[in-house]
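Below you'll find the structure, written out as structure tokens, and then a few comments.
In my numbering, the protein residues as written are 2 to 477.
Structural data, given as structure tokens:
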């Protein structure tokens, strides 16, 4: 087992600050961690373990990295270390440390440019905010395991002896594919309400079943998720969307009652009927769940949130005339999506891109009728790759017609970058040079010329100048 878990390939000429940047950044940077970087991380962690053991202390790997090792998932996540050394001792034993959580027994040790959380074995006593313990006491590995969230995350591994320490029957639950809270489920959730979402995420990601008592406690405590910060709720949902089986994750969120508190706009799509001739899959929520299941592995956050929120405007635009209609639900949905992402304090760049994708997702039905200039502008927007994938998923999750998708793919292959978004033949200074005074007319002239250029009706600067002279320049 050790041979599979550790395989150091050597990095004598590498700049460790490069790896510090990758490994200390949020998950969006870590998902693409390659084998070489991960091997460096594992070797650095083994160095820390060996150093602690050399000085007479116990030191083990803990939590998710042990779970993933036993499952053989090939995940490239963080490695957490636990020890019976106190925070003061850890700080004294290593040159580069940061006391980011010393009050909770956690010291960050930076070794080979890579940060590792090294935590002293502890028991958590009480909680005041549904997130942090009232106080802690230092203890041993067995008692430390009892404070952790789920049995599959409560195991330790000694890389020096190749031994797993399992005080919570985590290996049995891994084999049975069960997510089970350690000890009393209600108590575990009260200690940190984010565990409500983590239970869903792990169950979906690994296709595990949530044990009955844990599930009942989760449902009973769903309303408490409102006590967690918006940023942490966003991060958990983002992980669910970008890990395997997001469709199962959001189905469980709805069934547990959590979705009504975290994303009521999505939860409200349940039971919202659609015209069966276009949506044989069922209501808007069923369509959304099916669409989530059609995303490829590790989708971008832009695509994932666009798929999740693309139809939330249907709730406020539904009309029943000759049939069920959702006129302008794309525009309404973009506005609602902006409000959702701002509420969750998502990055502004993500918010802007997702809103653009949702606002434009119905325009694909018109691509064959667009003027060449309009089509080129449509295809040259920066969010087009995500929009096109959203369109493909949207179609496959409903009527299944990919005719417009194929048309756009053909056009993108046909146009080179210079044709799709060429540099304008003329700019404002050229118009001034022709004796025109700056003003609103400049925009009209330049837009007209650029459309002609995109339509391939003019090709040279001289042709553009001649049009301006003949239409807009005063006679001598």
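C-beta atoms are modelled at their ideal positions from N, C-alpha and C, and glycine is treated no differently.
Residue 309 places its beta carbon less than 8 Å from that of residue 242.
Distance from the CA of residue 401 to the CA of residue 296, rounded to the nearest whole angstrom, comes to 15 Å. Residue 392 and residue 335 have their alpha carbons spaced roughly 15 Å apart.
Taking the Cα positions, residue 426 is about 10 Å away from residue 453. Annotation for residue 238: the continuous alpha helix (DSSP H) segment containing it runs 231-243. In the displayed model, residue 102 falls within a strand according to three-state DSSP.
Per the Cβ contact rule, the segment 96-114 is in contact with the segment 48-67 (3 or more Cβ pairs under 8 Å). DSSP, reduced to helix, strand and coil, places residue 341 within a helical segment of the structure shown.
For the 8 Å CB-CB criterion, residue 236 and residue 215 do not form a contact. As DSSP reads the structure, residue 189 sits in no beta bridge. Annotated as proximal: residue 346 and residue 232, with beta-carbon spacing under 8 Å. A residue is called buried when at least 16 other Cβ atoms come within 10 angstroms of its Cβ; residue 89 does not meet this threshold and is exposed. The segment 154-199 contains, as complete alpha helix (DSSP H) runs of 4+ residues, the segments 171-177, 186-192 (chain order). The bridge partners DSSP lists for residue 116 are 111.
In this structure, residue 257 lies away from residue 291, with their beta-carbon atoms at least 8 Å apart. For residue 98, the CB contacts under 8 Å within the same chain, skipping 5 residues up- and downstream, are 91, 92, 108, 109, 110, 111 in chain order.
Judged by DSSP in its simplified three-state form, residue 36 adopts helix. Beta-bridge pairing by DSSP links residue 123 to 139. Distance check between residue 398 and each of 185, 72, 283 places 283 closest, using alpha-carbon atoms only. CA-CA distance, residue 339 to residue 300, rounds to 20 Å. A straight line joining the alpha-carbon of residue 148 with that of residue 324 spans about 55 Å.
Annotated three-state conformation of residue 326 is strand, per DSSP.
One Cα belongs to residue 198, the other to residue 259, and the distance between them is close to 8 Å. Residue burial is scored here from C-beta neighbours: residue 433 has fewer than 16 other C-beta atoms within 10 angstroms and is therefore classed as exposed. The straight-line gap separating the alpha-carbon atoms of residue 318 and residue 332 is approximately 10 Å. For residue 81, the uninterrupted beta strand (DSSP E) segment begins and ends at 81-84. For residue 61, the enclosing beta strand (DSSP E) stretches over residues 60-63.
DSSP lists 180 as the beta-bridge partner residues of residue 211.
For the pair residue 384 and residue 357, the CB atoms are nearer than the 8 Å cut-off. Residue 151 is bridged by DSSP to 182. Taking C-beta atoms under 8 Å as the contact rule, residue 155 and residue 138 fail to qualify, at a distance of about 18 Å. The beta carbon of residue 344 lies closer than 7 Å to those of 231 in the same chain, with the five residues before and after it left out. Residue pairing by DSSP places residue 321 opposite 325 in a beta bridge. Taking C-beta separations shorter than 7 Å and ignoring five residues to either side along the sequence, the partners of residue 209 in its chain run 178, 179, 180, 203, following chain order. Residue 354 is a Cβ neighbour of residue 303, given a cutoff of 8 Å. A straight line joining the alpha-carbon of residue 459 with that of residue 388 spans about 30 Å.
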